[in-house]
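A.B. asks: Before we start, here is the structure in question, set down as structure tokens.
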Ligand code: SF4
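Numbering (the working numbering), first residue to last: 64 to 267.
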């Protein structure tokens, strides 16, 4: 299924009307083989009216254990980056391309991502964020272009309809290669500036 951000399909219009309804509807999803290995399905979390959404690859061990996105070491680093940009985690929405943990934290394959993407599209349609941070290669390939390279595409806004996407490295990549931190910080500064145009600080 194509992601088609910013466009609603009939399915979206007749589907769940809240994130809670959507979560309920997917609780027992067996749409791909990843269902067999999960401890918890990781739906996503955050502000249902967020103006900024962050989309990563899939749950890791800690996320699978707790049923929450970005709570392991990469998530803790993401929290620090957001805090440095003056954005609290509670004001954004965080989700992944696949909702169940791939074994051994491998990259989800094309079939798994394709099977899961309709859930993300519904989530996206309900939240309707104008800004999205794409965290890493898997999200970039599945949301924007299967041929895209995160190294080549990071740091540049991509506009699709009324939505602007900023691709950057996944925080797990920063843990493996801290030299990427400077680029990510630059990307998040651009995100912060765009976000503050939409959601000004209260004392401004
Ligand atoms: S990864 Fe997505 S499609 Fe596959 S079982 Fe989990 S929720 Fe369903």
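We put the CB at the ideal spot given by N, CA and C, even for glycine.
1. Give the secondary structure of residue 205 by DSSP, where H, G and I count as helix, E and B as strand, and everything else as coil.
2. For residue 112, verify whether its CB is less than 7 Å away from any heavy atom of the ligand SF4.
3. Who's in the neighbourhood of the ligand SF4, going by beta-carbon under 7 Å from any heavy atom, listed in chain order?
4. By Cβ distance below 7 Å, which residues in the same chain neighbour residue 88 in space, the five residues on each side in sequence not counted?
5. In the DSSP output, which residue or residues are listed as bridge partners for residue 89?
6. I need the DSSP call for residue 259, collapsed to helix, strand or coil.
7. Would you call the stretch 160-179 and the stretch 90-97 in contact, with 3 or more CB pairs under 8 Å?
8. Secondary structure at residue 231, three-state DSSP: helix, strand or coil?
9. Which class does residue 253 belong to by DSSP, given the choice of helix, strand or coil?
10. Report the three-state DSSP secondary structure of residue 65 (helix, strand or coil).
11. Tell me which residue opens and which closes the alpha helix (DSSP H) that residue 214 is part of.
12. Using the Cα positions of residue 185 and residue 193, report the straight-line distance between them to the nearest angstrom.
13. In this structure, how does DSSP classify residue 190 when only helix, strand and coil are distinguished?
C.D. replies: From the atom records:
1. If DSSP states are grouped into helix, strand and coil, residue 205 belongs with the helices.
2. No, since every heavy atom of the ligand SF4 falls outside the 7 Å radius drawn around the Cβ of residue 112.
3. Listed by chain position, these are 89, 92, 93, 94, 95, 97, 98, 101, 104, 161, 162, 163, 175, 178, 179 and 182.
4. 79.
5. The partner list for residue 89 (beta bridge, DSSP) is empty, contrary to what the question assumes.
6. Correct three-state label for residue 259: helix.
7. A contact is defined here as three or more CB-CB pairs under 8 Å, and the stretch 160-179 meets this definition with respect to the stretch 90-97.
8. Residue state, collapsed to three classes: strand.
9. In the structure shown, residue 253 adopts helical secondary structure according to DSSP, grouped into three states.
10. Its pLDDT being 49, under 50, residue 65 is placed unreliably by the model, and the measurement read from it follows with that caveat. Coil.
11. Element bounds for residue 214: 213-216.
12. Rounded to the nearest angstrom, the two C-alpha atoms are 15 Å apart.
13. Look at residue 190 here: in three-state DSSP terms it is helix.
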